[in-house]
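A.B. asks: Quick one: this structure, given as structure tokens, is what I'll be asking you about.
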DNA sequence: GGATATAGTTAAGGAGTCTTACTAGAGGCG
DNA sequence: CGCCTCTAGTAAGACTCCTTAACTATATCC
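Chains as they are written, first to last, in our numbering: chain A, 982 to 1381; chain B, 982 to 1381.
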């Protein structure tokens, strides 16, 4: 959880080695109220006092401070069965904004969301950049446009998160293992973007963010430990444990592309055997001809083409091996399949489950992604939002 | 982290949804000082004030309260270069005790440690119990003896942790997957022990505890994410992430016995292929004869016996597959090999590393266990200590 | 012996919370 | 309609705990 480029102020929140003086006490209580409001949507002061255990005067005073700082605002009224009318308070979504960026081989997706998580502007553009420099420029330019289009000022964007293939190496300031983006491993690329945008920028692996996206907005909600397997041009896995991203020692957790795979001739890695291209290859081996893409093979299988069907079966078996490895090591309660094959998961589920039954007694629930192509972007937004909320909260006292 | 049998009071410490009233403020500061003393060994009041950022009067008053509660005591003096002599304070190790229990197929090991982590009594007895009931009785009896031998009263033992093969199912109150202990899967066994002992009892997987032991007292210290692979009668893995046990959704993380393993004929699980018995089997297949044990094969290999050497090589290759799977999924910075093969890791390291090099570009550091057979027991103690410290601290105000 | 530096205490003041008591407003009911 | 009851919210003072500042105690250095 320490691979962010710019150190966000969020750390101040739960540092156990800090003295707890009165100011900190007040701050903690304000935070408690804000989080509670966020969870409940809106609430009256009396209600908050009951729920948090704080006294009514304390709630009133803390809430007044939050309103003063612009983090909270009145949001209508509520009349109880009998008794006086209550004034409701709610978090002010426009207290700050978060930026999410999904850099994929085919598409670049950028969105701005307010603190409530509502997307207020979004842009999807084709990634036609030939060089890493051009791609970086495209990212910065598009981000500026999206922010402008959202009607917010750049200073209001408190935090940004970028999703990219590969693993960001914090020390060397570059991405490793980004096979499918030429030149993307250059050092300092993200520093440049951060500088040109003027927004704290955090870089994460795309599969990890997709997992977090699916956890926050999709089918993973409430799971204690779930794994998101992203099958597309490459192969990746993101793991969310107790609501937090599980990144491993160097941010490389879930790089299941490197799982050993028992090939017929020699050991090769799983990525060669499971990624989108492999489906095409095996379909060809089974006798399909013509200009094939993974999508074409799946479409053919859906119409009953025998070679395509067998290729899909084989792909399912391969994915099952991935799931089996993840299940044995991680013990997830949910496995989500997503990525390029997202539209074809219906075809894959049966062979995956059948193979899994033969492989291992551990059989976690396997479901298709709900967010599809948007998982990475939404995950980036969710992550950026988390930090943005902290940043905006920390800022409140110094600004006013 | 929620598979403990008795809910420890530790949860009160960092519940973010609790109001932060004045009492809590004081409590947090006392805890801060206590933890700091624990880390430093001993310190003067002025020193603590400097390090924590609290004022001198606050430190004095909080420390007086801690001393009153028996958690802290004077521990000599220290004379600075110049200036008045300082009175040093240190945590009182005898403020409470923790009990660690390692239930293995061959041995039962039980130890009591004081709050400083010092083992004050220990007993290792052969596990000759034929039934699960007899084993439970043996555990309770031996535990009572050890506690008596340590010169402490049972009420002073604040928490106990048991390590056992298999996964403890909190809901059904029984152990699952404990293949090698007959009848050990019976429900309510641990509830009985807890009741008869009168100590809060927490149950964990033995490989998990071994990992925690190696993290706390062995070679894993400071690792961000490390995996402990326990190879013995069975096969297990424990994962420690950021100092905390990684248990998965149902406490089954690291059950790599269930990893699919490409057998020659049909898919079988890895446990069959890697556990101690497998070494014997393959040695026999390579032509060794006689009454073989895993230890005998390793000894023969050490003396150059060709069949034994080949069997060990094969074992190394198999372990490498395990490591490769763990590395791809978890991205550890350290992998520790331990368990029954602990004494033979020197023979295995080379083949493991060589095979790994061919399998995957990810190559985490691989080292042998430092604690050997004691890893599980020490891990249980370390875990129990963590909770015991919390319990004793929480108790302080109500007792006095 | 005085200057200086460190350890620790005492006294005064301040910040934030709690308790208690009150006012404000909305129905129910005789 | 007036009164009662119930809920929301405010006001005032007590209480707790922290901090600052000043002070005492004790050691070394010159």
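Ideal Cβ placement from N, Cα and C applies to all residues, glycine included. Predicted, not measured: the structure shown is a model, and the values here were computed from it.
1) Which same chain residues end up closer than 6 angstroms to residue 1100 of chain A when comparing Cβ atoms and leaving out the 5 residues on each side of it in sequence?
2) With contact counted as at least three CB pairs below 8 angstroms, one residue from each stretch, are the segment 1187–1197 of chain A and the segment 1215–1230 of chain B in contact?
3) Which class does residue 1207 of chain B belong to by DSSP, given the choice of helix, strand or coil?
4) So which residues on chain A does residue 1239 of chain B lean against when the C-beta distance must stay under 9 angstroms?
5) Could you pull out every residue in the same chain whose Cβ sits closer than 7 angstroms to the Cβ of residue 1235 of chain B, ignoring the five residues on either side in sequence?
6) Who does residue 1100 of chain B pair with in a DSSP beta bridge?
7) If you draw a straight line from the C-alpha of residue 1043 of chain A to the C-alpha of residue 1007 of chain A, how long is it?
8) With DSSP as the reference, label residue 1010 of chain A as helix, strand or coil.
9) Can you tell me whether residue 1217 of chain B is helix, strand or coil according to DSSP?
10) Please determine if the segment 1138–1154 of chain B and the segment 1354–1364 of chain B are in contact, where contact requires at least 3 C-beta pairs separated by less than 8 angstroms.
11) If we count the other Cβ atoms within 10 Å of its Cβ and call it buried at 16 or more, is residue 1325 of chain A buried or exposed?
12) Where does the unbroken alpha helix (DSSP H) through residue 1196 of chain B begin, and where does it stop?
13) By Cβ distance, which residues of its chain are closer than 7 angstroms to residue 1246 of chain B, with the 5 residues on each side in sequence left out?
14) Please confirm whether residue 1173 of chain A has its beta-carbon closer than 8 angstroms to some beta-carbon of chain B.
15) Using a C-beta to C-beta distance shorter than 8 angstroms, which residues of chain A count as neighbours of residue 1302 of chain B?
16) Interface residues of chain A around residue 1234 of chain B at Cβ under 8 angstroms?
17) When you compare each of B/1297, B/1318, B/1312 to residue 1339 of chain B by their alpha carbons, which one comes out closest?
18) Would you identify the three-state DSSP class for residue 1287 of chain A, choosing helix, strand or coil?
19) If we cut at 8 angstroms on Cβ distances, does residue 1382 of chain A have a partner in chain B?
20) How close, in whole Å, do the beta carbons of residue 1318 of chain B and residue 1210 of chain B come, if the pair is a contact with beta carbons under 8 angstroms?
21) I want to know whether the segment 1264–1276 of chain B touches the segment 1264–1272 of chain A - three or more CB-CB distances under 8 angstroms.
22) Let me see if you follow: with CB-CB separation under 8 angstroms, is residue 1377 of chain B close to chain A or not?
23) Pull the bridge partners of residue 1070 of chain B from the DSSP assignment, please.
24) Beta carbon of residue 1096 of chain A, beta carbon of residue 1366 of chain A: below 8 angstroms?
25) Within the chosen definition, does the segment 1284–1302 of chain A reach the segment 1148–1168 of chain A through at least 3 CB pairs nearer than 8 angstroms?
26) Give the DSSP-derived three-state secondary structure of residue 1268 of chain A in the structure shown.
27) What does the Cβ neighbour count give for residue 1058 of chain B, buried or exposed, with the cut at 16 atoms within 10 Å?
28) Could you tell me which of B/1082, B/1009, B/1152 sits nearest to residue 1232 of chain B, measuring between CA atoms?
29) Assuming residue 1318 of chain B is part of the alpha helix (DSSP H), what are its boundary residues?
30) Looking only at DSSP bridge pairs, what is residue 1355 of chain A linked to?
31) Just tell me which of B/1138, B/1169, B/1199 has its CA closest to the CA of residue 1077 of chain B.
32) Are the CB atoms of residue 1180 of chain B and residue 1052 of chain B nearer to each other than 8 angstroms?
33) Sorted by chain position, which residues of the same chain lie with C-beta nearer than 6 angstroms to residue 1227 of chain B's C-beta, five sequence neighbours on each side aside?
C.D. replies: Looking at the coordinates:
1) 1092, 1094
2) no
3) Here residue 1207 of chain B sits in strand by DSSP.
4) Annotation: Cβ neighbours of residue 1239 of chain B in chain A (cutoff 9 angstroms, chain order): 1305, 1308, 1309, 1340, 1341, 1342, 1343.
5) If we look at residue 1235 of chain B and ignore the five residues flanking it on each side, its Cβ neighbours are 1188, 1189, 1217, 1218, 1219, 1220.
6) B/1094
7) The straight-line gap from Cα to Cα measures roughly 8 angstroms.
8) Under the three-state reduction of DSSP output, residue 1010 of chain A falls in the helix class.
9) strand
10) yes
11) buried
12) 1187–1198
13) At residue 1246 of chain B the pLDDT is 34, less than 50, meaning the model places this residue with poor confidence; the figure from the coordinates comes in the next sentence. Answer for residue 1246 of chain B: no residue qualifies.
14) no
15) 1241
16) 1206, 1310, 1311, 1312
17) Looking at the Cα atoms, B/1297 is the closest of the given residues.
18) helix
19) Limits of chain A in this structure are 982 at one end and 1381 at the other, which puts residue 1382 of chain A out of reach.
20) Right, the Cβ-Cβ distance comes to about 5 angstroms (below 8 angstroms), so this counts as a contact.
21) no
22) no
23) B/1024, B/1055
24) yes
25) no
26) coil
27) exposed
28) B/1152
29) Element bounds for residue 1318 of chain B: not the alpha helix (DSSP H) but the beta strand (DSSP E), 1315–1319.
30) BP columns for residue 1355 of chain A are empty, so no partner.
31) B/1138
32) Judged by their CB atoms, residue 1180 of chain B and residue 1052 of chain B are not nearer to each other than the 8 angstroms cut-off.
33) 1220, 1234
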